Amino acid sequence: MKKILACIIIFFLAVFPVFSEKIIWERVFFDNFLMAGSAAADNPLQTALTCAGLAAAGIMLANNDLNLKKEFQKQDSAVMHEIFETANYFGDGIYVLAANSLFFLGGEKERKTAEKVIEALVLSNAFSYSLKWAAGRKRPSSTDDPGSFSPFSGNMSMPSGHATVAFSWAVIIGDRYDLGWLTYPLAALTALARVYKNAHWPSDVFAGAAIGTIGAKIINTETGDADISAGMDYNNNAFVLRYRF
Numbered sequence: 436m437k438k439i440l441a442c443i444i445i446f447f448l449a450v451f452p453v454f455s456e457k458i459i460w461e462r463v464f465f466d467n468f469l470m471a472g473s474a475a476a477d478n479p480l481q482t483a484l485t486c487a488g489l490a491a492a493g494i495m496l497a498n499n500d501l502n503l504k505k506e507f508q509k510q511d512s513a514v515m516h517e518i519f520e521t522a523n524y525f526g527d528g529i530y531v532l533a534a535n536s537l538f539f540l541g542g543e544k545e546r547k548t549a550e551k552v553i554e555a556l557v558l559s560n561a562f563s564y565s566l567k568w569a570a571g572r573k574r575p576s577s578t579d580d581p582g583s584f585s586p587f588s589g590n591m592s593m594p595s596g597h598a599t600v601a602f603s604w605a606v607i608i609g610d611r612y613d614l615g616w617l618t619y620p621l622a623a624l625t626a627l628a629r630v631y632k633n634a635h636w637p638s639d640v641f642a643g644a645a646i647g648t649i650g651a652k653i654i655n656t657e658t659g660d661a662d663i664s665a666g667m668d669y670n671n672n673a674f675v676l677r678y679r680f
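Written out as structure tokens, the structure is:
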């Protein structure tokens with residue numbers, strides 16, 4: 436099923452050329468990164484305090500990663516197993532993108548929500564995977580030493596990509612529809628599932644959650660509502676996706 440979903444997503448991205456007043460790829464892969472830097476520079480004191488607070492919380496978690504992981508995994512049960520197996524899907528990018536595509540079948544607000552989810556996923560995961568590569572932290576499934584870091588080694592534990600994905604969509608949808616009471620706990624369950632499944636340390640999922648939340652908040656706050664329309668370009672015999680904001 437996952438391979439089928441991936442093929443469908445790749446097919447649509449590959450075969451439909453995009454022509455527009457503002458090309459969506461330029462916005463997703465370029466403009467949003469400039470916007471993130473601008474958002475951080477606009478209020479350097481707030482940015483510094485936020486980063487310092489997150490770093491302090493992350494360090495405290497990291498110092499207790501092993502004990503927290505062991506205590507959490509002691510709570511094993513059939514019910515918890517089923518809950519966390521399901522929650523794990525909420526952080527899987529393929530399933531999230533497939534579910535997100537259903538928003539394009541709705542009204543204008545739903546289409547704009549779908550666009551923002553995609554933008555948040557790209558922005559947040561670019562930072563998340565860059566940090567994964569640079570940190571080179573070993574997963575708890577391969578070591579009992581939470582301090583095992585080998586930069587640029589291919590070890591990819593920190594931060595958690597699933598947590599990044601889950602909080603990216605949870606913030607966008609939760610904030611736009613006042614459903615944070617539902618979407619935020621679902622994202623938190625995804626983060627806990629990664630610890631439960633021994634895929635990440637607690638500090639990994641905290642870092643991923645922070646990146647996903649901040650990235651989505653930037654997209655929700657800084658970007659205007661976009662307008663997307665589709666049609667045929669008969670001169671070029673191509674399906675056309677126009678993206679304006």
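Residue numbers (our numbering): 436 to 680. Backbone N, C-alpha and C define an ideal beta-carbon position, used for all residues, glycine too. A quick note: this is a predicted structure, and the numbers were derived from the prediction, not measured.
Proximity of residue i and residue j at Cβ, strictly below 7 Å
{"i": "Pro594", "j": "Gly643", "result": "yes"}
{"i": "Ile607", "j": "Ala533", "result": "no"}
{"i": "Ser592", "j": "Leu496", "result": "no"}
{"i": "Leu503", "j": "Pro581", "result": "no"}
{"i": "Ser583", "j": "Lys567", "result": "no"}
{"i": "Phe507", "j": "Val630", "result": "yes"}
Endpoints, the alpha helix (DSSP H) within which residue i is located
{"i": "Met591", "result": "First-last for Met591: undefined, no H or E at that position."}
{"i": "Asp500", "result": "Asp500 to Gln508"}
{"i": "Arg629", "result": "Gly615 to Tyr631"}
{"i": "Ala634", "result": "Run containing Ala634: none; DSSP gives neither H nor E here."}
{"i": "Thr548", "result": "Glu543 to Ala570"}
{"i": "Gly528", "result": "Gly528 to Asn535"}
{"i": "Leu496", "result": "Pro479 to Ala497"}
Of the residues the options, the one placed nearest residue i, counting alpha carbons only
{"i": "Pro586", "options": "Gly571, Asn560 and Trp604", "result": "Gly571"}
{"i": "Leu621", "options": "Val600, Asn633 and Lys509", "result": "Val600"}
{"i": "Asn535", "options": "Ile654, Thr625, Ala605 and Leu489", "result": "Ala605"}
{"i": "Phe539", "options": "Val552, Ile529 and Gly528", "result": "Val552"}
{"i": "His516", "options": "Val640, Thr625 and Ile654", "result": "Thr625"}
Sequence-distant residues of its chain with Cβ nearer than 6 Å to residue i (five each side left out)
{"i": "Gly647", "result": "Ser559, Thr599, Phe602 and Ser603"}
{"i": "Thr618", "result": "Ala605, Ile608 and Gly609"}
{"i": "Ile458", "result": "Here Ile458 scores only 47 on pLDDT, less than 50, and its place in the model is too uncertain to base an answer on."}
Anticipated Cβ contact below 8 Å, residue i with residue j, distance rounded
{"i": "Phe562", "j": "Gly650", "result": "7 Å"}
{"i": "Ser565", "j": "Ala634", "result": "Incorrect: roughly 19 Å between the Cβ atoms, too far for contact."}
{"i": "Leu489", "j": "Ala628", "result": "At roughly 22 Å, the Cβ-Cβ gap does not stay under 8 Å, so Leu489 and Ala628 are not in contact."}
{"i": "Arg611", "j": "Thr656", "result": "Arg611 to Thr656, Cβ: 12 Å. No contact."}
Contacts around residue i, its chain only, beta-carbon distance under 7 Å, and the 5 residues preceding and following it disregarded
{"i": "Gly615", "result": "Gly609"}
{"i": "Ser588", "result": "Gly571"}
Residue i beta carbon near the ligand PLP (any heavy atom closer than 6 Å)
{"i": "Phe562", "result": "Among the ligands in the structure shown, none appear at all, so the ligand PLP cannot be discussed."}
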